[in-house]
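*Asks:* Quick one: the structure is below, questions incoming.
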Amino acid sequence: MKKVMLLICCLLVFLFISISFGQVNSGFQISNEDYGNFSSNNAEHPCISEEQYLMIEQSCKENIQLLQSKGVLHKNSAAVTLFNWPLKAANGLSDCSFYRISAYVDQNTGSGTIQDFSCGTNTYDGHRGTDISIWPFNFYKMDHDFVEVIAAAPGIIINKHDGEFDKNCAANNQTANYLIIRHADGSQANYWHMKKNSLTKKVIGESVLAGEYLGIVGSSGSSTGPHLHFEVWAGSTVATRVDPYAGNCNTLNAISWWANQKSYMETGIVKVSVNTTDIVFPACPATETPNESDVFQIPFQGAGLAPGFAKFYIFIREEMSGLTANMSILNPDGTTFTSWTYMSTAANKTRINGFSKKLPTTPGIYTFMANYNGTICSKTFKITAATNTDNLNHENKSIIYPNPSSGTFILEMKKSVATEIEIFNLLGVIVYRASIIKPITEFNLNLPANIYLYKIRNENKVSDTGKLLIE
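Below is the structure:
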């Protein structure tokens with residue numbers, strides 16, 4: 001009897017979940033406690049063990065002596081090293097951002113107590129570097145080489161190791177894939193946990209420029225998920241470590257080592273997406289299934305959704321209680337198709353919210369936009385008719401290139417039939433209008449970097465629409 005009752009309860013729970021996720025305006029929320037491997041290393045299981053530190057110090061010392069004897073390394077200069085951000089989005093990644101800080105340097109040397117440079121607790125006991133995790137979809141981004149590790153400052157490679165397993169989910173005693181660069185002032189930067197066989201082909205003794213490719217973010221060594229452990233030493237031993245961030249509780253150094261120091265909490269939207277159904281988050285280290293789409297053919301039916309509905313997701317970094325996310329779907333002309341809000345009721349390092357919303361039915365290019373804490377993130381998607389064509393005459397299609405650009409675009413018409421181009425900001429305000437009198441027309445937009453929408457008209461009829469990106 002107990003087994004029967006348990007089975008009935010399970011079926012009821014399953015039915016409740018199925019109904020909830022299929023509702024017209026259902027909200028789907030995942031905090032950092034619910035999604036992915038957000039546990040971090042700790043004092044017992046650090047990113048780099050004491051034994052590994054000793055090995056690194058010794059091998060770096062030997063390499064430095066060898067390179068100095070060959071004239072590759074010279075005496076330290078008086079110049080002060082300033083770092084740029086050590087990660088960049090690879091070609092193909094269009095997310096508004098792609099990382100979060102999972103742990104800063106621990107400034108409190110006492111055992112069992114922690115404090116970061118800003119007097120907060122975003123660190124773990126004894127942590128000597130800055131852990132920058134890629135997010136969201138950390139393993140998906142890793143699998144597709146979407147986030148590159150780049151040299152934060154110019155220097156000489158003095159240590160390098162590759163070939164280790166790179167999909168760890170828990171702290172361990174394994175060796176990471178890493179690269180160490182020595183700078184002109186004698187300081188060095190340690191880049192840890194990179195993806196297997198992704199490291200630069202350059203070898204020990206070769207120089208790198210600031211911004212140069214070093215590898216791909218991975219989860220090799222003692223790691224709980226794909227992230228970069230970025231650690232800075234003022235000299236050639238761990239005893240000379242510094243915290244690149246300046247702050248009231250930085251006891252290691254008085255000034256920032258960043259060329260432009262980022263804020264302590266970068267609260268905002270890092271990504272928005274339009275999805276055919278719910279995202280699939282498997283257990284670490286399996287790869288996530290985003291289920292995103294840029295094109296929806298009407299009529300549309302998504303798995304687990306009401307007919308004509310899609311899922312609209314926002315991804316919030318450093319959520320703060322009391323803040324509101326304002327979301328809207330914009331028509332091709334920039335007017336609002338629909339809008340809604342989400343109120344944060346608790347602080348979370350990350351938050352994923354998914355909403356079921358009815359799709360537009362008129363073919364065209366639409367924009368899903370979200371604003372949280374003053375940061376705006378948007379994503380365009382296309383609605384097509386059941387015939388898999390839209391309502392435009394493809395004989396008259398235009399081509400605009402390069403797109404994105406710094407503001408100079410070339411409009412090329414397959415047939416010289418258009419008479420005017422109008423460009424709108426995301427609020428629907430016309431910011432540029434010009435006549436088209438030639439098959440190929442160049443136009444220069446003196447506008448801020450952003451996404452813009454355009455209409456091409458032929459005798460007061462819209463013949464084409466699209467978006468422009470000014471970088």
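Numbering (UniProt numbering), first residue to last: 1 to 471. Note that CB positions come from ideal geometry on N, CA and C, so glycine has one too. These numbers come from a predicted model, not from an experiment.
1. Go through its chain and collect everything with a Cβ distance to Val238's Cβ below 6 Å, but skip five positions before and after it.
2. So what's Asn63 in DSSP terms, helix, strand or just coil?
3. Does the count of Cβ pairs from the stretch 93-105 and the stretch 125-137 closer than 8 Å reach three?
4. Using the Cα positions of Asn250 and Ser263, report the straight-line distance between them to the nearest angstrom.
5. If we ignore side chains and look at the alpha-carbon of each, how far apart do His45 and Gln301 end up?
6. So Asp143 is in the beta strand (DSSP E); what residue range does that whole segment cover?
7. Starting from the Cα of Asn326, find the closest Cα among Ile376, Arg351, Pro363 and give me that residue.
8. What does the alpha-carbon distance come out to for the pair Thr341 and Asp294?
9. Can you name, in chain order, every residue of its own chain whose Cβ lies under 8 Å from the Cβ of Ala153, other than the five neighbours on each side?
10. Assuming Ser398 and Ile437 form a contact by the criterion Cβ under 8 Å, report the distance between their Cβ atoms to the nearest whole angstrom.
11. Contact check, Gly285 vs Lys467 under 8 Å by CB: the rounded distance?
12. What number of angstroms, rounded off, separates the C-alpha of Gln297 from the C-alpha of Leu411?
13. Between the alpha carbons of Ile156 and Glu57, how many angstroms are there, rounded?
14. State yes or no: is the beta carbon of Arg351 nearer than 7 Å to at least one beta carbon in chain D?
15. Put Thr408 into one of helix, strand or coil per three-state DSSP.
16. Would you say Val172 and Ser222 are within 7 Å of each other, going by their C-beta atoms?
17. When you compare only the Cα positions, how much space is there between Gly354 and Pro332?
18. Do the stretch 230-247 and the stretch 185-203 touch if we need at least three Cβ pairs shorter than 8 Å?
19. Within its chain, find whatever has a CB closer than 8 Å to the CB of Tyr372; leave out the 5 residues flanking it on each side and keep chain order.
20. Cα separation between Lys358 and Ser273?
*Replies:* Let's see:
1. Tyr53
2. helix
3. yes
4. 15 Å
5. Their Cα atoms are separated by approximately 47 Å.
6. From DSSP, Asp143 is part of no beta strand (DSSP E) but of the alpha helix (DSSP H) over 138-143.
7. Of the candidates Ile376, Arg351, Pro363, the one whose C-alpha sits nearest the C-alpha of Asn326 is Ile376.
8. 23 Å
9. Residues of the same chain with a CB within less than 8 Å of the CB of Ala153, apart from the 5 flanking positions on each side, are Thr81, Leu82, Phe83, Asn84, Ile181, His183, Ala189, Ala210 in chain order.
10. Ser398 to Ile437, Cβ: 14 Å. No contact.
11. Note on residue identity: the sequence assigns Pro, not Gly, to residue 285. Actually they are not in contact, since the Cβ atoms of Pro285 and Lys467 sit about 36 Å apart, beyond 8 Å.
12. Gln297 and Leu411: Cα-Cα distance of roughly 28 Å.
13. 16 Å
14. The question asks about chain D, but that chain is absent: this structure has only one protein chain.
15. strand
16. Contrary to the premise, residue 172 reads as Asn rather than Val in this sequence. Contact: yes.
17. 23 Å
18. yes
19. Thr267, Gly268, Ile269, Ile314, Ile316, Leu323, Thr324, Ala325, Asn326
20. Those two C-alpha atoms are separated by around 15 Å.
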